[in-house]
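Trainee:
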Amino acid sequence: MLKLILKNLWARRRRNGWLLAELVLVSIISWVVLDPVIVVTHDRNIPLGYDADRLCLVSLGALQPNAQGYDPAAQDSAVLLDSYFNLVRHAADFEGVEATAPVLGFCYPNSPQGNSNTQLIAEGDSVKVTIMQMYFMPHTRFFEAYGFKEGEGRTLRQLSDLNYGPNDIVLTENAAERLFHTGNAVGRRCHTSGRGSDTTFYQVAGTIGTIKSYSFWRPVPVVFRPISSPREYLPDDARILIRLKEGVSMQRFLHEFRPWMVKELRRGNLFARTVLSYEKLIEEHENYESTPIYRRNLAMALFFLINLCLGVAGTFWLQTRTRREEIGVMLSFGATPGHIVRLLMGEGAVLTFIASLTGFLIYLQYVLKEGLSMSMSMSLCWMENTDNYWVSDFTLHFLIVSCIILLILLLVVLAGIYIPARSISRIPPTEALRDE
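Here the sequence shown is numbered in the working numbering, starting from 1 and rising by one per residue.
1. Check whether the Cβ atoms of SER215 and LEU48 sit closer than 9 Å, and answer yes or no.
2. Evaluate TYR288 with the Cβ neighbour count: other Cβ atoms within 10 Å of its Cβ, from every protein chain shown; 16 or more gives buried, anything less gives exposed.
3. Helix, strand or coil, according to DSSP, for LEU372 in the structure here?
4. So who's on the other strand from CYS56, going by DSSP bridges?
5. Between VAL58 and ILE242, which are expected to be in contact by the criterion C-beta below 8 Å, what is the C-beta distance as a whole number of angstroms?
6. Anyone know if the C-beta pair for HIS285 and ASN110 falls short of 9 Å?
7. On the CB-based measure, 16 or more other CB atoms within 10 Å of its CB, does ILE131 come out buried or exposed?
8. Given a cut-off of 9 Å, decide if SER77 and LEU270 are closer than it, judged by their beta-carbon atoms.
9. Roughly how many angstroms separate the alpha carbons of ILE466 and ALA335, rounded to a whole number?
10. Taking only the alpha-carbon atoms, compute the straight-line gap between LEU25 and LEU414 and give it to the nearest angstrom.
11. Please report the residue range of the beta strand (DSSP E) in which LEU104 lies.
12. Can ILE169 and GLN203 be called in contact, C-beta distance under 9 Å?
13. In chain order, what residues of the same chain lie with their CB nearer than 8 Å to the CB of SER423, ignoring the 5 residues before and after it?
14. By Cβ distance, which residues of its chain are closer than 6 Å to ALA176, with the 5 residues on each side in sequence left out?
15. Can you list, in chain order, the residues of its chain with a C-beta nearer than 8 Å to that of ILE419? Leave out the 5 residues immediately preceding and following it.
16. Kindly confirm or deny that the stretch 397–406 and the stretch 300–318 touch, where touching means at least three C-beta pairs closer than 8 Å.
17. Quick check on the DSSP output: the beta strand (DSSP E) that includes ALA415 runs from which residue to which?
18. Is SER160 near HIS139, with beta carbons less than 9 Å apart?
19. May I ask you to list the residues that DSSP assigns as paired with HIS191?
20. Taking the alpha carbon of ILE211 as the reference point, which residue from LEU372, SER249, ASP51 has its own alpha carbon closest?
21. Hey, how far is the Cα of HIS255 from the Cα of ALA272?
22. Using DSSP with H/G/I as helix, E/B as strand and the rest coil, what is LYS149?
23. Could you tell me if GLY153 is buried or exposed, where buried requires 16 or more neighbouring beta carbons within 10 angstroms of its beta carbon?
24. Tell me, to the nearest whole angstrom, how far the beta carbon of LYS149 is from that of GLY96; I am working on the premise that it is less than 8 Å.
25. I believe TRP31 touches TYR389 by the beta-carbon criterion, under 8 Å. Please report the beta-carbon distance rounded to the nearest angstrom.
26. Determine the closest residue to GLU283 out of GLN64, PHE394, ASP53, LEU2, with distance taken between C-alpha atoms.
27. In the DSSP assignment, find the unbroken alpha helix (DSSP H) run with MET134 in it and report its ends.
28. Determine the direct distance from the alpha carbon of ASP71 to that of THR41, and round the result to whole angstroms.
29. Which residue's Cα is closest to the Cα of LYS128: ALA145, TYR108, GLU144, LEU179?
30. Using CA coordinates, which residue listed in ALA421, VAL391, LYS369 is at the minimum distance from MET330?
31. How about LEU34 and TYR146: do their beta carbons lie closer than 9 Å?
32. Do ILE46 and LEU343 come within 9 Å of each other at the CB atom, strictly closer than that value?
33. So, for ASN437: in the same chain, excluding its five sequence neighbours on each side, which residues have a beta-carbon less than 6 Å away from its beta-carbon?
34. Give me whichever residues DSSP pairs with ASP168 in a beta bridge.
35. Rounded to a whole number of angstroms, what is the C-alpha to C-alpha distance between THR315 and SER27?
36. If you draw a straight line from the alpha carbon of LEU162 to that of PHE143, how long is it in whole angstroms?
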């Protein structure tokens with residue numbers, strides 16, 4: 001049948017030439033429109049690396065000097081710090097809470113306040129690795145409360161109880177792999193780009209599983225540094241992380257926790273101001289940073305696909321209908337309806353494959369110079385491509401997206417051929433040849 005398909009395509013080469021040109025153009029436009037949507041959809045569906053479903057974050061405030069109940073003595077930095085840790089411990093007493101932990105500073109997972117980064121070099125190496133920095137308080141349940149996955153070397157509980165030196169750090173597994181080419185980097189050392197007496201070495205105390213710094217990014221290397229001076233973060237950059245017990249409803253918990261929080265979470269001049277589920281925190285940050293762009297690209301893609309279905313399918317529908325007499329001749333010579341449908345769909349499939357391949361090769365010349373669509377994290381000038389996802393591999397990225405577009409075009413073309421072909425192939429030959 002393949003020989004017959006190719007013979008028919010060649011016999012109708014003038015008409016098929018226009019169809020071929022249309023499909024080449026559509027395949028190129030499909031790449032431009034669909035590639036960003038596919039990449040962002042892939043990135044947003046990568047697991048966070050921690051259990052956000054059971055997390056909520058309490059923001060704190062402080063009474064001003066002219067406020068009722070303000071205590072000047074409570075503004076002493078030591079008293080302020082003690083008040084803060086009392087609030088963290090007291091929040092753990094509420095029913096349904098599994099663990100609480102202090103979150104200080106503006107650098108923590110999915111922080112809407114911003115991020116910080118540095119460059120580290122493994123001892124004995126010269127390659128600089130750009131790494132995002134986050135901070136934690138030693139001897140708290142920070143790693144357990146977040147529910148990070150355990151890395152090689154030490155458990156989350158051991159990382160919480162460890163006595164950290166000022167230059168001890170915790171790495172995510174992808175950071176350890178990037179720096180030391182191994183997931184178990186406990187005891188290994190790295191340093192910043194300083195030289196001689198300016199070089200500061202950091203020792204790896206442990207590793208945790210790879211995490212996403214932001215829900216709409218791919219995972220990037222992260223280093224966790226212990227906080228040595230927590231007083232400087234109070235009260236503006238102090239929060240309480242709460243992890244719920246398994247099976248506790250977040251909606252019900254927040255409904256009951258908010259009035260209790262207003263009354264009970266007050267120590268000195270500090271008080272609990274708001275509580276927000278981590279899912280809501282992520283949603284709000286996405287709405288500010290990525291969702292509008294994603295929705296715009298998604299709307300464009302849907303609009304394009306609708307027009308693609310109407311335009312391409314309609315064209316092949318009309319082309320198939322014009323072959324009514326030809327199909328009548330085939331029926332008169334004994335061709336079965338199934339054979340005719342398969343023949344016409346085979347012609348459409350071959351034409352689509354040739355046109356798509358041509359369009360992809362044309363677009364390839366463009367992306368070899370300009371590059372493929374990137375993650376939002378990779379669009380930052382300082383972030384390097386260090387992950388192992390297929391969207392980061394040029395060859396796999398191009399092949400997989402090309403296959404997706406080819407599949408879409410095939411479905412649209414074959415639908416535009418199958419419906420009229422099935423109808424025409426079942427009419428009597430005399431009726432099909434009536435106008436011949």
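Each residue gets a CB set at the ideal place from its N, CA and C atoms; glycine is no exception.
Mentor: This is what the structure holds:
1. Start at 1 with the first residue of the sequence shown, and residue 215 comes out as number 215. Start at 1 with the first residue of the sequence shown, and residue 48 comes out as number 48. Taking 9 Å as the Cβ cut-off, SER215 and LEU48 qualify as a contacting pair.
2. Translated into positions along the sequence shown, residue 288 becomes position 288. Per the 10 Å Cβ criterion, exposed.
3. Residue numbering aside, residue 372 sits at position 372 when the sequence shown is read from its first letter. LEU372: coil per DSSP, three-state reduction.
4. Taking the first residue of the sequence shown as 1, we reach residue 56 at position 56. ILE242, SER277.
5. Your numbering for residue 58 matches position 58 in the sequence shown. Your numbering for residue 242 matches position 242 in the sequence shown. Contact holds; Cβ gap of about 7 Å.
6. Taking the first residue of the sequence shown as position 1, residue 285 is located at position 285. Taking the first residue of the sequence shown as position 1, residue 110 is located at position 110. Cβ distance < 9 Å, so HIS285 and ASN110 count as in contact.
7. Taking the first residue of the sequence shown as 1, we reach residue 131 at position 131. Flag for ILE131 reads buried.
8. If you number the sequence shown from 1, residue 270 lands on position 270. If you number the sequence shown from 1, residue 77 lands on position 77. Not closer than 9 Å, so no.
9. The structure shown does not extend to residue 466, since the chain is modelled only from 1 through 436, so no value can be given for it.
10. Along the sequence shown, one-based indexing puts residue 25 at 25. Along the sequence shown, one-based indexing puts residue 414 at 414. Taking the straight line joining both Cα atoms gives about 18 Å.
11. Indexing the sequence shown from 1 puts residue 104 at position 104. That run of the beta strand (DSSP E) goes 97–104.
12. Here the question's residue 169 lines up with position 169 in the sequence shown. Here the question's residue 203 lines up with position 203 in the sequence shown. Yes. Within cutoff.
13. Sequence index remark: in the sequence shown, residue 423 carries index 423 (1-based). So the list is empty, once near-sequence residues are dropped.
14. As a working mapping, residue 176 is identified with position 176 in the sequence shown. GLY183, ALA185, THR207, listed in sequence order.
15. Position 419 of the sequence shown, counting from 1, holds the residue named residue 419. Taken in chain order, the residues that qualify are TRP317.
16. no
17. One-based indexing of the sequence shown puts residue 415 at position 415. From DSSP, ALA415 is part of no beta strand (DSSP E) but of the alpha helix (DSSP H) over 394–424.
18. Within the sequence shown, the letter at position 160 stands for residue 160. Within the sequence shown, the letter at position 139 stands for residue 139. Closer than 9 Å, so yes.
19. Counting from one through the sequence shown, the residue named residue 191 turns up at place 191. Paired residues: ILE121, PHE201.
20. Within the sequence shown, numbered from 1, the residue matching residue 211 stands at position 211. Taking only the C-alpha atoms, the option nearest ILE211 is ASP51.
21. Here the question's residue 255 lines up with position 255 in the sequence shown. Here the question's residue 272 lines up with position 272 in the sequence shown. If you take the alpha carbons of HIS255 and ALA272, they lie about 15 Å apart.
22. Reading the sequence shown from its first residue, position 149 is the one you call residue 149. DSSP places LYS149 in coil when its eight states are reduced to three.
23. Here residue 153 corresponds to residue number 153 of the sequence shown, with the count starting at 1. Result: buried.
24. To locate residue 149, count along the sequence shown from 1; it is residue 149. To locate residue 96, count along the sequence shown from 1; it is residue 96. That belief does not hold up - the Cβ atoms of LYS149 and GLY96 are roughly 23 Å apart, past 8 Å.
25. Looking up residue 31 in the sequence shown gives position 31. Looking up residue 389 in the sequence shown gives position 389. TRP31 to TYR389, Cβ: 19 Å. No contact.
26. Taking the first residue of the sequence shown as position 1, residue 283 is located at position 283. Comparing Cα-Cα distances from GLU283 to each of GLN64, PHE394, ASP53, LEU2, the minimum goes to ASP53.
27. As a working note, residue 134 is residue 134 in the sequence shown. Where MET134 is concerned, there is no enclosing alpha helix (DSSP H), although the beta strand (DSSP E) it sits in stretches over 128–136.
28. Working through the sequence shown from its first residue, we reach residue 41 at position 41. Working through the sequence shown from its first residue, we reach residue 71 at position 71. Going from the Cα of THR41 to the Cα of ASP71 covers about 51 Å.
29. Indexing the sequence shown from 1 puts residue 128 at position 128. Among ALA145, TYR108, GLU144, LEU179, the Cα nearest to that of LYS128 belongs to LEU179.
30. Start at 1 with the first residue of the sequence shown, and residue 330 comes out as number 330. Among ALA421, VAL391, LYS369, the Cα nearest to that of MET330 belongs to ALA421.
31. In the sequence shown, the residue the question calls residue 34 occupies position 34. In the sequence shown, the residue the question calls residue 146 occupies position 146. Not closer than 9 Å, so no.
32. Within the sequence shown, numbered from 1, the residue matching residue 343 stands at position 343. Within the sequence shown, numbered from 1, the residue matching residue 46 stands at position 46. No, they are not a contact pair.
33. This structure leaves residue 437 out entirely; the chain is present only between 1 and 436.
34. The count along the sequence shown starts at 1 and reaches residue 168 at position 168. Answer is GLN203, bridged to ASP168.
35. By 1-based counting over the sequence shown, the position of residue 315 is 315. By 1-based counting over the sequence shown, the position of residue 27 is 27. Near 15 Å, if we compare the C-alpha coordinates of SER27 and THR315.
36. In the sequence shown, counting from the first residue as 1, residue 162 sits at position 162. In the sequence shown, counting from the first residue as 1, residue 143 sits at position 143. Answer to the nearest angstrom: the Cα atoms are 12 Å apart.
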